[in-house]
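Structure first, commentary second.
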Amino acid sequence: MIQLFGDFKEEPVNSEEYLELGFSPSSMPLKQQWRNNGRSADFLGDYLTNFLPIGETDESNNIDKQAEIKSAVSYIANELLENAMKFNDETSQYHITIKVLLHKEHIVLYLTNSVSPQNVSIFQVYLQELTHSDPHELYIKQLEHNAQDENGMTSRLGILTMINDYMVKLGWKFETIRLKQEVTVVTTMVQFSV
Amino acid sequence: MEIKTADYHISYDIGTTTINCKGKLRLTGMDEYAPIVQLFNQVVEQEPSLITFNLQQLQLLNSSGINILSKLIIKVRQKKNIKIVIQGSKKIPWQGKSLKNLQRLMPTLQLQFE
Chain Y
37 MIQLFGDFKE EPVNSEEYLE LGFSPSSMPL KQQWRNNGRS ADFLGDYLTN FLPIGETDES
97 NNIDKQAEIK SAVSYIANEL LENAMKFNDE TSQYHITIKV LLHKEHIVLY LTNSVSPQNV
157 SIFQVYLQEL THSDPHELYI KQLEHNAQDE NGMTSRLGIL TMINDYMVKL GWKFETIRLK
217 QEVTVVTTMV QFSV
Chain L
135 MEIKTADYHI SYDIGTTTIN CKGKLRLTGM DEYAPIVQLF NQVVEQEPSL ITFNLQQLQL
195 LNSSGINILS KLIIKVRQKK NIKIVIQGSK KIPWQGKSLK NLQRLMPTLQ LQFE
C-alpha cells in the first residue's frame, strides 16, 4: 500500500545529473554516523555545483549563486540525513539512501529510510498537521514551544526550517516492502528552484 | 568561558560582552548542545545590558543549533533588560536566510551583516 503526503512527485525521468549515496545504519556508532551526515551533505552540495553556471550573482543579496545553491543542498541534505538517522527502524537493516537530482530549473532530493510501525502513525499525524497549517506560523509556534520545554530532546525544526528558509516543496511517500519481514519505508522529497 | 573542539569554538569576551561562535555546529541534539547552552545561560545570568553574538565565522549551523539560539533569544526577551545584537556575514549563505527569523521572536533584536 502506498500513501502520499504533501507535494510528492516521483523522480523525473530526464534529470540532467544525479548522485545517490547509501548508508548501512548499523555499520558504525551513531556519533560517527552523525559526523558522516555532514560530510556526505557537503559532498552532495560540492558535487552538484560542478554542473551549475559559474559567476552568476543572486541580486537580492549579492551572494555567488553557486555558493548559495551549494549551501542550500548541504543544509537540506544534512537535515534529511539527521532525521533519517534519528527515526530509522533499527531492526530492519534497510539501507538509508539519499539522491540529489539536477533537473532544468530545480534541484530535487529524495531520502529513503525505514520507519518502525509505532513511529509511522506519529509521523503521519505530524504530516497531516504540517500540510494543513501555515508553516511560517507553525515554525514560530514550535520555537516558542521548545523554549518552554526544558526536557525536550529534539527540536522538530528540520522540516520547518527547510520550508521557511529555503522555500522548498516537500512530499512524502510511505510504502510497505517485504524483505525477510514487512518493512515500512518512507521517501521524503524536497524540491527547490535554482 | 570557552568551549573548543576540532569543529567549533565558542567563547565569551567579558569586556565587550560578546559571544563568539566559529566553525561548524551540527551536533546531535540537546544533550550534545548542553555545554554550549550552559555557557549561554551563564552569560545571561550576569545580566549585561547588551549581548552581542558574533557569528561571522560560523560556517554551518543545523536546525538543533538554530533551536538553541532561538531558545536563548526567547530567554533574553523574557528578561526585558538585555539588548541583543547579532553580527553575521554576507558571505555565509545560511545566515542571510535563517537569522532574520530571530527578529520575529524578538523584534528589538538588531541584525548586522558585514
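Keeping their order, the protein sequence lines are chains Y and L.
Numbering-wise (this note's numbering), the first sequence opens with residue 37 and increments by one.
Numbering-wise (this note's numbering), the second sequence opens with residue 135 and increments by one.
Just so it is clear, CB atoms sit at the ideal spot from N, CA and C, and this is done for glycine as well.
Should residue i be flagged as near chain L, meaning a C-beta pair shorter than 8 Å?
| i | result |
| --- | --- |
| Thr197 of chain Y | yes |
| Ile112 of chain Y | no |
| Ser76 of chain Y | no |
| Ser107 of chain Y | yes |
| Trp70 of chain Y | yes |
| Tyr83 of chain Y | no |
| Asn124 of chain Y | no |
| Ala120 of chain Y | no |
| Glu115 of chain Y | yes |
Near residue i, what residues of its chain come up, given a Cβ to Cβ distance below 6 Å and the 5 sequence neighbours on each side ignored?
| i | result |
| --- | --- |
| Glu115 of chain Y | Gly194 |
| Gln246 of chain L | Gln221 |
| Val144 of chain Y | Leu137 and Gln227 |
Is there a Cβ from chain A that is less than 8 Å from the Cβ of residue i?
| i | result |
| --- | --- |
| Ser229 of chain Y | Here chain A cannot be found, since the structure's protein chains are Y and L. |
Any beta carbon from chain Y within less than 8 Å of residue i's own beta carbon?
| i | result |
| --- | --- |
| Leu239 of chain L | yes |
| Lys213 of chain L | no |
| Ser223 of chain L | no |
| Asn235 of chain L | yes |
| Pro169 of chain L | no |
| Ser183 of chain L | no |
| Lys138 of chain L | no |
Pick from the options: whose alpha carbon is nearest that of residue i?
| i | options | result |
| --- | --- | --- |
| Gly230 of chain L | Y:Ala103, Y:Gln68 and Y:Gly42 | Y:Ala103 |
| Leu40 of chain Y | Y:Phe210, Y:Ile132, Y:Val204 and Y:Leu147 | Y:Phe210 |
| Val210 of chain L | L:Pro227, L:Asp165, L:Leu184 and L:Asn154 | L:Leu184 |
| His131 of chain Y | Y:Val230, Y:Arg192 and Y:Val222 | Y:Val222 |
| Thr139 of chain L | L:Asn215, L:Gln244 and L:Arg160 | L:Arg160 |
| Ser223 of chain L | L:Lys156, L:Met135 and L:Thr150 | L:Lys156 |
| Met240 of chain L | L:Glu248, L:Leu206 and L:Asp165 | L:Leu206 |
| Thr152 of chain L | L:Leu173, L:Arg238 and L:Pro227 | L:Leu173 |
| Lys45 of chain Y | Y:Leu88, Y:Ser169 and Y:Leu147 | Y:Leu147 |
| Ile226 of chain L | Y:Gly207, Y:Lys101, Y:Pro48 and Y:Thr220 | Y:Lys101 |
| Ile202 of chain L | L:Val219, L:Met135, L:Leu233 and L:Tyr167 | L:Tyr167 |
For residue i, I'd like the list of residues in its chain whose CB is within less than 8 Å of its CB, leaving aside the five on either flank, ordered along the chain.
| i | result |
| --- | --- |
| Ser107 of chain Y | Gly81 |
| Tyr202 of chain Y | Ala108, Tyr111, Ile112 and Phe228 |
| Asn200 of chain Y | Pro171, His172 and Tyr175 |
| Ile208 of chain L | Leu239 and Met240 |
Quick one: what's got a C-beta closer than 7 Å to residue i's C-beta in the same chain, skipping five residues either side?
| i | result |
| --- | --- |
| Lys234 of chain L | Leu245 |
Problem - Members of the segment 133-164 of chain Y that neighbour chain L once the beta carbon cut-off is set at 7 Å - result: none
Handout entry: Contact residues within the segment 185-208 of chain L, judged by C-beta distance below 7 Å to chain Y
Key = Asn196, Ser197, Ser198, Ile200, Asn201, Ser204, Lys205 and Ile208
Handout entry: Touching by the beta-carbon criterion (3+ pairs, under 8 Å), the segment 165-178 of chain Y and the segment 168-178 of chain L
Key = no
Problem - Three CB pairs or more closer than 8 Å across the segment 153-167 of chain Y and the segment 64-80 of chain Y - result: no
Problem - Interfacial residues, the segment 153-164 of chain L to chain Y, with Cβ spacing under 9 Å - result: Lys158, Arg160, Leu161, Thr162, Gly163 and Met164
Practice task
May I ask you to list, following chain order, the residues of the segment 177-196 of chain Y that have a beta carbon less than 9 Å from some beta carbon of chain L?
Solution key: Gln178, Leu179, Glu180, Asn182, Ala183, Gln184, Asn187, Gly188, Met189, Thr190, Ser191, Arg192, Leu193, Gly194, Ile195 and Leu196
Handout entry: Inter-stretch contact (C-beta, 8 Å, three-pair minimum) for the segment 139-158 of chain L and the segment 186-205 of chain L
Key = yes
Handout entry: Members of the segment 199-217 of chain Y that neighbour chain L once the beta carbon cut-off is set at 7 Å
Key = Asn200, Asp201 and Tyr202
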